[in-house]
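Engineer: Here the sequence shown stands for residues -24 to -1, 1 to 398, numbered as in mature numbering (1 follows the signal peptide of the UniProt record, and there is no 0).
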Amino acid sequence: MQRSLFRYTTAFLLPLLAVGLVLTGCDSTGSNMDDNGGDSSNEDIAIQGMYPDPSSASSYADEVAINLQSAGLGIRLENDPSASILQEIYTGPSSDRSIRRISGSSLTFDQTTYSDLGGGVDLSAAISTENLLRSDRLEAADTDQQGQLRNADQLISYYLSQAQETSSNGVDFSQLSEKGVAGALSYYEGAEILNDFADDGSVASDPADKWNEAFGHFGAPRDFAAFLDYNSGEGLVGSFQDVDGDGGIDLTSEAVYIWAGYTAERAAAAEGTGNPNDFARRAFEAFRQGREDIANGNDPSEHARTALNAWEATVAVNVIHYVNGMQSALENVSGEVTKEKLDSPGGFEDSWGEAKAFAWALQFNDNSTLNDDQLRTIHDQLGNDPPYGEGVDSSTYSGDLDKVKEEIQGAYSFEDANVSAW
């Protein structure tokens, strides 16, 4: 895995931020999981307090902008694509560029433009340059260089230049762009930092600042407990909460970001099966306790491993979730899979794009439970695009998708009931 040699290029210095980005694209906590991210029947996890207020003005600043910008890419590709605006958002939005994630909401927000946050981030300079597994098998309509391995930046830049939601093959550029940034930047950087801590309990730079950076990539607010509700399908009371009661939502402290939101949503589904798996609380408590370790001069390595295991398991569950979505769409399709036979081709393409993006994301943890050969097999079974008009029988493709779930379930020891519910 290639490691970044620079911090992000920012358009402006961002103010002190408390955390969090808006949950977007999520369909998030249950009760428990073991050290490998699998289901367990241990006692409930309780959040014991708030994450410490960061001491550095740059602790979460870039991570907030990254999440807002990636959400903006997905929304704009889906609704009003413009190649020039998309490229601007990707390489660092202008200060007066509106934050698209919150436009149209009835809520009142403290920040509505990137200048209100202090600026934006050049995502293209920060994203991983590691080649994406099996990207050399993409069709000509879905890559800038057919037959060659490509990295996330190269593919996302191509998607944005096309300025369309999906390709002629049904490949969802919107999902692959937004979730591509989430995997190849937010998860990649967060996993890299946590692995450094897990290796020897320290990092070369200020450990508190680096730990805060990883927490910012995870995307939970400092008082995550106030946002969680496992009776809700999303596992949240809401993505936005006016916690301080001042009448406005502060995007830097009163919102849930994409990865934290997924941990809550997937855990809520597990809670409903009677086989709890508390991704959100397990990860958050590990982050909180690890930060406390650093403040007290103790070794945070075990908490780094726990946080990353919960996070990685959630990425894996996301693949299962969207595979389940594809299989559900195929239930009424007999014979060869074609776009015309699907009740909702757009929904099927969305599910395929998300499954593909999260399968790619799994390669960005150097110590992933799944090795590259296993991930290549998963990509082979998902295919290079939705299997329209390729002579693929619905039952055959659904069987391939079963193998994807079996590979992941076996690696993470997920309960059968949870795999079905996700």
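Beta carbons: idealized from backbone N, C-alpha and C, even for Gly.
Keep in mind it's a predicted model, so treat the numbers as computed, not measured.
Under a three-way DSSP split, which group does Ala231 fall into?
Structural biologist: Of the three classes helix, strand and coil, the one that applies to Ala231 here is strand, per DSSP.
Engineer: Report back the beta-carbon spacing between Ala280 and Thr345 to the nearest angstrom; my notes put them in contact at under 8 Å.
Structural biologist: The pair is not a contact, with the Cβ atoms about 16 Å apart (cut-off 8 Å).
Engineer: Can the beta-carbon of Val40 be found closer than 8 Å to that of Gly192?
Structural biologist: Cβ distance < 8 Å, so Val40 and Gly192 count as in contact.
Engineer: Could you check if Thr290 is buried or exposed, using at least 16 other CB atoms within 10 Å of its CB as the buried criterion?
Structural biologist: Result: buried.
Engineer: Mind checking whether Ala337 and Ala158 have CB atoms under 8 Å apart?
Structural biologist: In this structure, Ala158 lies closer than 8 Å to Ala337 by Cβ.
Engineer: Is it the case that the stretch 184 to 191 contacts the stretch 359 to 375, given that we only count it when at least three CB pairs across the two stretches are under 8 Å?
Structural biologist: With a cut-off of 8 Å, the stretch 184 to 191 and the stretch 359 to 375 do not count as touching, because too few Cβ pairs lie within range.
Engineer: Please report how far the alpha carbon of Asp92 lies from the alpha carbon of Tyr364, in whole angstroms.
Structural biologist: Cα to Cα, the separation comes out at about 45 Å.
Engineer: Using only the alpha-carbon positions, how far apart do Leu136 and Ile103 sit?
Structural biologist: Distance between the alpha carbons of Leu136 and Ile103 is about 15 Å.
Engineer: Going by beta carbon distance, what residues of the same chain come within less than 7 Å of Glu325, once the five residues before and after it are set aside?
Structural biologist: Within the same chain, Glu325 has close Cβ partners Thr142, Gly146, Asp148, Pro362.
Engineer: Thinking C-beta only, is Leu358 closer than 8 Å to Gln339?
Structural biologist: Contact: no.
Engineer: Can you tell me which residues form a DSSP beta bridge with Asp369?
Structural biologist: For Asp369, which the question treats as bridged, DSSP gives the partners Glu312.
Engineer: Might you give, ordered along the chain, the residues of its own chain that have their beta carbon closer than 8 Å to the beta carbon of Asp348, omitting 5 neighbours on each side?
Structural biologist: Within the same chain, Asp348 has close Cβ partners Leu109, Gln339.
Engineer: Take the Cβ of Asn55 as the centre, count every other Cβ of all protein chains shown within 10 Å, and call the residue buried at 16 or more, exposed below.
Structural biologist: Exposed, because fewer than 16 other Cβ atoms sit within 10 Å of the Cβ of Asn55.
Engineer: Here's the rule I'm using: 16 or more other beta-carbon atoms within 10 Å means buried, otherwise exposed. How should residue 415 be labelled?
Structural biologist: Coverage of the chain is limited to positions -24 through 398, which leaves residue 415 absent and any answer about it impossible.
Engineer: For Thr249, does the three-state DSSP call read helix, strand or coil?
Structural biologist: Reduced to three states, the DSSP call for Thr249 is helix.
Engineer: Let me check one thing: in DSSP terms, what residues is Asp148 bridge-paired to?
Structural biologist: Answer by DSSP bridge pairing, in chain order: Thr142.
Engineer: To the nearest angstrom, how far is it from the Cα of Phe85 to the Cα of Trp235?
Structural biologist: If I take the Cα positions, the gap works out to 21 Å.
Engineer: Report all residues from its chain with a CB closer than 6 Å to the CB of Thr282; omit the five preceding and five following residues, and keep chain order.
Structural biologist: Cβ neighbours of Thr282 beyond the five flanking positions: Ala262.
Engineer: From the DSSP output, in three-state form, read off Thr89 for me.
Structural biologist: Residue state, collapsed to three classes: strand.
Engineer: By alpha-carbon positions, which one of Ala333, Leu377, Arg264 ends up nearest to Ala22?
Structural biologist: Taking only the C-alpha atoms, the option nearest Ala22 is Arg264.
Engineer: Measuring straight from C-alpha to C-alpha, what distance separates Phe216 and Pro197?
Structural biologist: Roughly 10 Å separates the two Cα atoms.
Engineer: Comparing C-alpha positions only, which one of Gly237, Asp376, Gly266 sits nearest to Asn300?
Structural biologist: When only C-alpha atoms are compared, the closest one is Asp376.
Engineer: Over what stretch of residues does the alpha helix (DSSP H) that includes Thr290 continue unbroken?
Structural biologist: Counting along the chain, the alpha helix (DSSP H) containing Thr290 begins and ends at 277 to 306.
Engineer: So what's Asn127 in DSSP terms, helix, strand or just coil?
Structural biologist: Of the three classes helix, strand and coil, the one that applies to Asn127 here is strand, per DSSP.
Engineer: When the distance is taken between beta carbons, is Leu212 closer than 8 Å to Ala240?
Structural biologist: Yes, these two residues count as a Cβ contact at 8 Å.
Engineer: Which residues share a DSSP beta bridge with Phe216?
Structural biologist: Answer is Ala231, bridged to Phe216.
Engineer: Label Gly123 either buried or exposed according to how many other C-beta atoms from any shown protein chain fall within 10 Å of its C-beta, with 16 as the threshold for buried.
Structural biologist: Its Cβ having fewer than 16 others within 10 Å, Gly123 is exposed.
Engineer: Report back the beta-carbon spacing between Asp254 and Ala271 to the nearest angstrom; my notes put them in contact at under 8 Å.
Structural biologist: With a Cβ gap of about 25 Å, Asp254 and Ala271 do not count as contacting.
Engineer: Okay, do the stretch 71 to 90 and the stretch 43 to 57 touch, 3+ Cβ pairs below 8 Å being the bar?
Structural biologist: Because the criterion of three Cβ pairs below 8 Å is met, the stretch 71 to 90 and the stretch 43 to 57 touch.
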